[in-house]
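Before any comments, here is the structure.
In the working numbering, the protein residues as written are 14 to 296.
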């Protein structure tokens, strides 16, 4: 059903129709929207969602967003998945008490030929009160993380990676993790690849246990680290392995990562019993 819903959304996005300039916009406060409609009609469009919401949704480009970035944004898997999530059984628009009137595309960051990060602002209102729901969105899509447990000489250790995280301005110890390229990505394969890239440890797909699969199905079987501002949802896997103590020593302080891509990673191995104290990583 989810695939059919996304296909329906994709079809709606392909049939976008330019909006005519609203005749009620005349004061200075609304001059931006008037300008977008009259001078840049290709960057102001509307769609009709296949949900209980009947009114069209305006999609606009903020100043500085190019035409190519605008169209890439609304055709991206990040944006389509967000629209789909709004209309699922537990979606914001599912029961008809809220309405989406407008989406302002504010920023696009490309990872090669695909969109890696997408920033936009959604105008969503509660129908009963007329109040606006906070709608600033940083979209980056699904990701995967792996808890690696190494057993040696009666002790269990966890593997962490040390990385510079510019958004928080700090060096952070965290579980090995990585982004999926799109919503249809190979989750387990991505987990195995990220672990090898970040730690040098080669894992087998059949050894991976999906911890988030044990969540109630109503959760979507993923975790949301920051749902107040970001759409990121993470699948968490675990892998256990018995190793010689020499392996633990070899891994400690090992420098890894795709350095040509700016990944400056150092491996840390900590006793599992101390893991909850060793890292501020919410995963």
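Note that beta-carbon positions come from the ideal geometry of N, C-alpha and C, so glycine has one too.
Any idea which residues DSSP pairs residue i with across the strands?
i: residue 134; result: 117 and 149
i: residue 223; result: 250
i: residue 280; result: 174
i: residue 183; result: 178
i: residue 128; result: 123
i: residue 233; result: In DSSP, residue 233 forms no bridge with anything.
i: residue 71; result: 59 and 115
i: residue 269; result: 278
i: residue 169; result: 164
Keeping to the same chain, check which residues put their C-beta closer than 8 Å to that of residue i; ignore five residues upstream and five downstream.
i: residue 14; result: Low per-residue confidence applies at residue 14: pLDDT is 46, beneath 50, and the placement is therefore not dependable, though the value from the model is reported in the following sentence. The answer is none, since no qualifying residue turns up.
i: residue 56; result: 49, 73, 74, 78, 80 and 83
i: residue 221; result: 159, 201, 204, 205, 250, 251 and 252
What does a CB cutoff of less than 7 Å around residue i pick up in its chain, not counting 5 residues either side in sequence?
i: residue 104; result: 98
i: residue 135; result: 113, 116, 148 and 150
i: residue 284; result: 168 and 170
i: residue 211; result: 174, 189, 269, 270 and 278
i: residue 326; result: With the chain covering 14 to 296 only, the question about residue 326 has no answer from this structure.
i: residue 123; result: 129
i: residue 191; result: 156, 157, 203 and 207
In terms of residue numbering, what span does the alpha helix (DSSP H) encompassing residue i cover?
i: residue 205; result: 200-212
i: residue 81; result: 80-87
i: residue 96; result: 90-99
Work out the CA separation of residue j and residue i for me, nearest whole Å.
i: residue 193; j: residue 200; result: 7 Å
i: residue 294; j: residue 242; result: 17 Å
i: residue 70; j: residue 63; result: 11 Å
i: residue 142; j: residue 100; result: 21 Å
i: residue 27; j: residue 267; result: Caution applies to residue 27, whose pLDDT of 49 falls short of 50 and renders its modelled position unreliable; the model cannot decide the point.
i: residue 262; j: residue 172; result: 12 Å
Among the options, whose alpha-carbon lies nearest the alpha-carbon of residue i?
i: residue 164; options: 255, 90, 56 and 102; result: 255
i: residue 231; options: 102, 61 and 250; result: 102
i: residue 185; options: 191, 246 and 291; result: 291
i: residue 218; options: 228, 144 and 207; result: 207
i: residue 260; options: 213, 88, 181 and 137; result: 213
i: residue 94; options: 125, 109, 280 and 244; result: 244
i: residue 239; options: 289, 265 and 152; result: 152
For residue i, which residues of its own chain have a beta-carbon under 6 Å away from its beta-carbon, when the five flanking residues on both sides are left out?
i: residue 248; result: 157, 200, 225 and 235
i: residue 286; result: none
i: residue 216; result: 205, 208 and 252
In terms of residue numbering, what span does the beta strand (DSSP E) encompassing residue i cover?
i: residue 164; result: 155-165
i: residue 57; result: 57-60
i: residue 291; result: Note, residue 291: premise wrong, no beta strand (DSSP E); alpha helix (DSSP H) at 288-291.
i: residue 241; result: Careful: residue 241 lies outside any beta strand (DSSP E) and carries neither H nor E.
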